[in-house]
Amino acid sequence: MSAFSFRDRMFFIVLGCSFLFVLPLMLANTPYVDDIYRSQSGIIGWKGLGRPLAEVVMLLLNFNLTHYFIVDLSPLPLLISALVLSLSVMHIIKYFDVKWDLRSVLPFLFLIFNPFFIHNLAYKFDCFPMSLGVAAAVFAFAYPFSKNWRSLAIPGVLIFASLALYQPSANVYVSLVFLSILLGIASLSSLQQLLIQAMGKIGIFAAVYVAYYICFTIVGRFVKSSAGSSRSGLVSLDMSGFYDVCHNVRELLLLVRSLYDGRLLVIALVVLLLAISGLVLM
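Mapping the sequence shown onto numbering that gives the first Met the number 0, position 157 (from 1) lands on 156, and the numbers just tick up by one.
1. Within 8 angstroms, do at least three Cβ pairs link the region 41-61 to the region 95-102?
2. Taking LYS200 as the reference, which of ASN170, CYS214, ASP34 has the closest Cα?
3. Specify the secondary structure class of VAL21 as computed by DSSP and reduced to three states.
4. Measuring only the C-alpha atoms, how far is VAL279 from PHE5?
5. With DSSP as the reference, label ASN113 as helix, strand or coil.
6. What did DSSP end up calling ASN147 once you bin it into helix, strand or coil?
7. Compute the distance between the beta-carbons of PHE68 and GLY41, then report whether it is under 8 angstroms.
8. Between CYS126 and LYS146, what straight-line distance do the alpha-carbon atoms span, to the nearest angstrom?
9. Buried or exposed for PHE107, going by 16 or more other Cβ atoms inside 10 Å?
10. Only counting the same chain, and skipping five residues up and downstream in sequence, which positions put a Cβ closer than 6 angstroms to that of LEU175?
11. Put LEU44 into one of helix, strand or coil per three-state DSSP.
12. Count the other CB atoms, across all protein chains shown, that sit within 10 Å of the CB of VAL32; report buried if there are 16 or more and exposed otherwise.
13. Is the separation between the beta-carbon of LEU86 and that of ALA134 shorter than 8 angstroms?
14. For HIS90, which residues in the same chain have their Cβ closer than 7 angstroms to its Cβ, ignoring the five residues on either side in sequence?
15. For ALA314 and ILE275, I'd like the C-alpha separation in whole angstroms.
16. Pick helix, strand or coil for HIS118, following the three-state DSSP scheme.
17. For ASP71, which residues from the same chain have a beta carbon less than 7 angstroms from its beta carbon, with the 5 sequence-adjacent residues on both sides left out?
18. Are the CB atoms of ASN113 and MET129 within a distance shorter than 8 angstroms?
19. Specify the secondary structure class of PRO106 as computed by DSSP and reduced to three states.
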């Protein structure tokens, strides 16, 4: 009899895939953008981007809470990131209660095999806090929703932590909410129950977003760095934020329209087919 259950073997497969995905970055061992400055000075600076929890995490990893500087520990942060992302994938699979077989598990690897996240994993210093931000968003989404205080407080704390680690990682939470609706409709679940769950989860996210906005925009001075970087900026809760959203929607429509020039359309159709196939497999 095998010492490992099939679920354990699936975890090792997911973990192996995650390590293979980050292996080229490990072998390259090249500092990326901010890494150069941080490796020379040891200065962190994430608090100035609204990410104070990222500083705490990396200071703890460096065992250096007193002198307030960090050193290059690569590839350790990247290795831990691969582990964290693998655990997040397994938690999503457990939440959706799919069969523990290879065909059902592989589609959920989209959380790791994300071309938009390669840029984040390329950072020697940032990759671990960013991966933790994704994990916090995943665990917040997967926490059972009900009307008791724990189902509100625990996801709320996790969403706030996700924002304080790396703001865009909280988008994973919203994406999973919509994915749960799609999978629920596909499995012929109760539409009313689906909407109640989705509205409750989105409501928690909205409340935490406002709280974070107040903490780090009105009370704090952390959203933008002294250099004026807006990479981690929030959508402001005023007309300026509304105009930003409208601008992004227009840019998205222009991008979609550009697919009809005959060249990118084929690539778009292939990606769409893969996405639909993944949903069918799930």
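Even for Gly, the Cβ is constructed at its ideal location relative to N, Cα and C.
Quick look at the numbers:
1. Judged by Cβ distances under 8 angstroms, the region 95-102 makes no contact with the region 41-61, as fewer than three pairs qualify.
2. Locating residue 200 in the sequence shown gives position 201, counting from the first residue. In terms of CA proximity to LYS200, ASN170 leads the group ASN170, CYS214, ASP34.
3. Indexing the sequence shown from 1 puts residue 21 at position 22. Three-state result, VAL21: helix.
4. In the sequence shown, counting from the first residue as 1, residue 279 sits at position 280. In the sequence shown, counting from the first residue as 1, residue 5 sits at position 6. As the crow flies, the alpha-carbon of VAL279 is around 22 angstroms from that of PHE5.
5. Here residue 113 corresponds to residue number 114 of the sequence shown, with the count starting at 1. It is coil, neither helix nor strand.
6. Here residue 147 refers to the residue found at position 148 of the sequence shown. Of the three classes helix, strand and coil, the one that applies to ASN147 here is coil, per DSSP.
7. Counted from its first residue, the sequence shown places residue 68 at position 69. Counted from its first residue, the sequence shown places residue 41 at position 42. GLY41 is positioned such that its CB atom lies closer than 8 angstroms to that of PHE68.
8. Residue 126 sits at position 127 when you count from the first residue of the sequence shown. Residue 146 sits at position 147 when you count from the first residue of the sequence shown. Looking at the two C-alpha atoms, the distance is approximately 35 angstroms.
9. Locating residue 107 in the sequence shown gives position 108, where the first residue counts as 1. Buried, because 16 or more other Cβ atoms sit within 10 Å of the Cβ of PHE107.
10. The residue labelled residue 175 in the question sits at position 176 within the sequence shown. Only PHE140 meet the Cβ criterion.
11. Within the sequence shown, the letter at position 45 stands for residue 44. Checking the displayed sequence, the identity of residue 44 turns out to be Gly instead of Leu. Under the three-state reduction of DSSP output, GLY44 falls in the coil class, being neither helix nor strand.
12. Residue mapping note: residue 32 aligns to position 33 of the sequence shown, counting from 1. With fewer than 16 other Cβ atoms within 10 Å, it is exposed.
13. Your numbering for residue 86 matches position 87 in the sequence shown. Your numbering for residue 134 matches position 135 in the sequence shown. Against a cut-off of 8 angstroms, the Cβ pair of ALA134 and LEU86 comes out as a contact.
14. For the purposes of this step, residue 90 is taken as residue 91 along the sequence shown, with counting starting at 1. Cβ neighbours of HIS90 beyond the five flanking positions: VAL137, PHE138, ALA141.
15. A query on residue 314 cannot be resolved here, the shown segment of the chain reaching from 0 to 281 and no further.
16. The sequence position of residue 118 within the sequence shown is 119, counting from 1. Three-state result, HIS118: helix.
17. Within the sequence shown, numbered from 1, the residue matching residue 71 stands at position 72. Apart from sequence neighbours up to five positions away, the residues of its chain that approach ASP71 with a beta-carbon distance below 7 angstroms are SER38, LYS123, ordered along the chain.
18. Numbered from its first residue, the sequence shown carries residue 129 at position 130. Numbered from its first residue, the sequence shown carries residue 113 at position 114. No, these two residues do not count as a Cβ contact at 8 angstroms.
19. By one-based count along the sequence shown, residue 106 stands at place 107. If DSSP states are grouped into helix, strand and coil, PRO106 belongs with the helices.
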